[in-house]
DNA sequence: GGGGACGATGGCACCGCTGTCATTCCCCTT
DNA sequence: AAGGGGAATGACAGCGGTGCCATCGTCCCC
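Here you go:
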């Protein structure tokens with residue numbers, strides 16, 4: 047009845063099972079060389095005491111923390127969350143835990159902070175999402191610390207770290223083709239935040255599709271947004287104010303597409319009859335707005351799962367230090383979702 | 047040049063500074079009783095070696111992990127993310143790290159999983175969000191482990207743990223009053239998922255406002271949704287199909303309000319002239335849909351920050367074991383956002 | 001001038017586990 | 001019968017810090 051009140055340790059288990067702590071450790075870690083009889087006794091003792099190994103002690107002794115970190119820059123909407131859900135799915139199944147850290151990549155002490163996170167916590171591995179994926183300071187710290195990391199949608203593939211992505215350029219290309227196929231020739235474009243990978247790739251895809259169709263890219267139809275609703279409002283205004291205004295607008299993400307739609311509603315346009323709009327990302331928003339938005343779905347969760355798989359795969363081969371070369375670069379399939387925000391352009395008056 | 051290649055430890059620092067490791071430890075932990083001279087020498091040594099204390103070792107020895115856990119049930123959209131951002135803000139400032147774990151509260155091994163998370167990782171404290179806030183199994187595990195926790199928007203305040211919330215009943219009351227003041231008398235209501243705290247409180251506020259205004263609650267106007275867009279579509283249909291249909295609809299969250307709006311658009315209603323719609327939560331969606339949605343903003347991030355503050359406040363008083371009694375229950379202010387989805391009802395034909 | 005009180009520092013056990021190596025026992029070979 | 005090899009187990013030294021207590025020198029005060 048009395049019993050020690052503190053949490054049971056491996057020593058208590060060993061004592062109760064009549065074994066050495068090392069043997070208990072073997073059972074806990076599912077190592078070989080334990081007789082079935084002994085195994086059973088120990089498992090019983092574990093159950094009886096409700097023993098749970100202390101991760102801190104374990105990590106200290108084994109130099110493995112079983113911690114995976116997710117470093118991100120902007121807590122950008124549903125994207126970040128989906129990433130986390132994906133990571134969590136895998137972590138759970140493989141006994142890892144997820145630590146999340148936001149890194150203000152603009153701040154002066156990025157270095158200090160990133161270093162503290164990586165080195166103090168002794169993370170086993172790290173997953174990077176934009177815009178930290180391409181931050182040289184962070185990457186160097188990771189390299190120096192010898193912590194394996196996987197980048198989701200990096201600007202540029204590297205030989206030292208794996209990556210996961212979709213072909214954004216191709217997606218933008220296809221989406222633009224869709225508009226062209228409907229008969230649109232004046233297609234406006236709202237870019238995302240400067241220097242973001244996505245911004246560049248999506249824009250490139252748009253340009254290429256136009257060019258391939260023999261349509262010139264008209265700079266008057268290209269606006270610079272920042273991936274936010276607010277940033278896109280003036281862009282939409284300028285585009286729709288033109289005397290020879292575009293019959294379709296490609297916004298670099300759904301949020302900005304929503305701004306275009308709102309602005310069109312303001313002017314009492316009937317959508318999609320008078321204006322086609324497409325977005326990118328398939329955020330929940332896309333399906334809930336009116337009219338439902340034609341957009342591209344990135345399998346974000348699956349991408350995160352793939353990243354986790356790659357990471358955990360490596361970590362499981364203790365002893366090996368380095369990535370296999372060449373390091374894996376996965377490209378997952380995207381989906382073009384044709385909804386009701388696109389239609390043929392209005393007949394020429 | 048040669049120097050040890052492994053990460054420097056406190057011993058290296060002590061040696062370099064000509065001090066004992068204990069004194070170095072004092073400096074690292076900002077304890078008192080270190081002479082300025084000694085302090086400076088040690089700080090210099092730390093900088094020179096780029097020393098970073100090993101959290102694992104520190105935790106093991108001190109029985110503090112500096113880890114705060116966020117346990118949640120559904121990764122419900124922007125809400126969860128906002129919570130995390132809030133928590134992160136505080137963790138960062140106080141030297142804590144955030145571990146996130148999803149708990150499938152329907153699964154059979156909730157107990158095992160929750161226990162593993164709490165006990166193995168030796169979390170210093172935990173923040174709970176719906177629907178784990180009220181899971182008796184999880185709560186018991188936390189209590190047993192003696193891990194302090196704060197609940198965000200719990201179903202019921204408890205004497206053993208602090209909570210943070212807004213007055214949802216009051217918010218729903220006010221919002222309903224707004225509709226009444228515009229002249230609406232037939233106000234539809236779409237409830238959230240059964241058993242959720244929010245569902246009950248919001249509905250109660252609605253009923254009370256009606257009653258106080260001398261309007262009877264008509265069960266025909268009350269539909270049961272599940273907080274999702276899809277679940278609300280049939281609800282919206284049924285409400286709008288009625289011969290004497292409501293002139294306004296109160297959806298228990300924005301997502302369901304979006305479904306109502308979409309359904310109204312489908313029928314080519316002009317909003318808000320023919321139908322007023324209100325939601326709850328002020329998700330990003332609310333501002334981006336058309337027309338922009340009148341809704342209630344919960345200061346989610348601030349709530350998370352408050353929760354973290356409460357938790358960290360307690361943790362900083364090491365030695366004290368228990369919450370001060372009575373434990374704090376914070377109620378933050380909400381905001382009613384009047385946008386363009388509400389108007390006076392159409393004049394009686 | 002003796003006795004505190006207090007500032008400053010160090011010594012050392014110990015937190016709970018894993019890695020390494022030694023040991024024992026058994027069966028199999030030659 | 002001796003030797004060899006592998007399965008099963010244990011002893012023990014850390015991993016890198018912190019907590020507690022001892023020590024030492026000063027300054028102060030009656």
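Residue numbers (the working numbering), protein chains in the order written: chain W, 47 to 395; chain V, 47 to 395. Each residue gets a CB set at the ideal place from its N, CA and C atoms; glycine is no exception.
Residue i (DSSP reduced to helix, strand or coil)
| i | result |
| --- | --- |
| residue 87 of chain V | helix |
| residue 50 of chain V | Caution applies to residue 50 of chain V, whose pLDDT of 49 falls short of 50 and renders its modelled position unreliable; the model cannot decide the point. |
| residue 376 of chain V | strand |
| residue 255 of chain W | helix |
| residue 172 of chain W | strand |
| residue 140 of chain V | helix |
| residue 188 of chain V | helix |
| residue 352 of chain V | helix |
| residue 269 of chain W | strand |
| residue 220 of chain V | helix |
| residue 243 of chain W | helix |
| residue 297 of chain W | strand |
| residue 102 of chain V | helix |
Short CB-CB distance (under 8 Å) between residue i and chain W
| i | result |
| --- | --- |
| residue 168 of chain V | yes |
| residue 106 of chain V | yes |
| residue 308 of chain V | yes |
| residue 165 of chain V | yes |
| residue 304 of chain V | yes |
| residue 387 of chain V | no |
| residue 61 of chain V | no |
| residue 375 of chain V | no |
| residue 160 of chain V | no |
| residue 208 of chain V | no |
Chain V within 8 Å of residue i, Cβ atoms only
| i | result |
| --- | --- |
| residue 102 of chain W | yes |
| residue 98 of chain W | yes |
| residue 290 of chain W | no |
| residue 157 of chain W | no |
| residue 111 of chain W | yes |
| residue 301 of chain W | yes |
| residue 311 of chain W | yes |
| residue 393 of chain W | no |
Beta carbon of residue i nearer than 8 Å to that of residue j
| i | j | result |
| --- | --- | --- |
| residue 251 of chain W | residue 218 of chain W | yes |
| residue 195 of chain V | residue 173 of chain V | yes |
| residue 328 of chain W | residue 343 of chain W | yes |
| residue 123 of chain V | residue 330 of chain W | yes |
| residue 233 of chain V | residue 225 of chain V | yes |
| residue 209 of chain W | residue 375 of chain W | yes |
| residue 115 of chain W | residue 147 of chain W | yes |
| residue 81 of chain V | residue 168 of chain V | no |
| residue 391 of chain W | residue 229 of chain W | yes |
| residue 358 of chain W | residue 142 of chain W | yes |
| residue 129 of chain W | residue 175 of chain W | yes |
| residue 149 of chain W | residue 193 of chain W | no |
| residue 256 of chain V | residue 294 of chain V | no |
| residue 145 of chain V | residue 145 of chain W | yes |
Contact test: residue i Cβ vs the ligand GTP heavy atom, cutoff 7 Å
| i | result |
| --- | --- |
| residue 279 of chain W | Looking at this structure, you won't find the ligand GTP or any other ligand, since it has none at all. |
Legend entry - Within 7 Å of chain W by C-beta, residues of the stretch 116 to 138 of chain V in sequence order: Legend: CB atoms of the stretch 116 to 138 of chain V lying less than 7 Å from CB atoms of chain W belong to residues 121, 123, 124, 126, 127, 130, 131 and 134.
> Per the contact definition of three or more C-beta pairs closer than 8 Å, is the stretch 189 to 201 of chain W in contact with the stretch 228 to 247 of chain W?
Replying inline: By the criterion of at least three beta-carbon pairs nearer than 8 Å, the stretch 228 to 247 of chain W is in contact with the stretch 189 to 201 of chain W.
Three or more beta-carbon pairs under 8 Å between the stretch 104 to 116 of chain W and the stretch 88 to 95 of chain W, yes or no?
In short, these stretches do not touch, since the Cβ pair count stays below three.
So, do the stretch 378 to 394 of chain V and the stretch 337 to 351 of chain V have three or more beta carbon pairs nearer to each other than 8 Å? Touching, yes, given that three or more Cβ pairs across the two stretches are closer than 8 Å.
Counting only Cβ-Cβ distances shorter than 8 Å, please list the residues of the stretch 253 to 286 of chain W near chain V, keeping chain order. Those residues of the stretch 253 to 286 of chain W that come within reach of chain V (Cβ to Cβ, closer than 8 Å) are 275.
| Residues in the stretch 322 to 355 of chain V with C-beta within 8 Å of chain W's C-beta atoms, listed in sequence order? | Within the stretch 322 to 355 of chain V, the residues whose Cβ lies closer than 8 Å to any Cβ of chain W are, in chain order, 330, 331, 333, 334, 335, 336, 337 and 338.
query: Are the stretch 348 to 360 of chain W and the stretch 128 to 137 of chain W in contact at 8 Å, needing three or more beta carbon pairs?
result: Contact annotation: the stretch 348 to 360 of chain W touches the stretch 128 to 137 of chain W, with at least three C-beta pairs closer than 8 Å.
Meets three-Cβ-pair contact criterion under 8 Å: the stretch 284 to 293 of chain W and the stretch 264 to 272 of chain W
The answer is yes - the stretch 264 to 272 of chain W touches the stretch 284 to 293 of chain W, with three or more Cβ pairs under 8 Å.
Would you call the stretch 298 to 308 of chain V in contact with the stretch 271 to 281 of chain V, where contact means no fewer than 3 C-beta pairs closer than 8 Å? Two segments are said to touch when three or more pairs of C-beta atoms, one from each, lie closer than 8 Å; by this definition the stretch 298 to 308 of chain V touches the stretch 271 to 281 of chain V.
Q: Anything in the stretch 140 to 152 of chain V with a Cβ closer than 8 Å to a Cβ of chain W? List those residues in chain order, please.
A: Cβ proximity to chain W below 8 Å picks out 143, 144, 145, 146, 147 and 148 from the stretch 140 to 152 of chain V.
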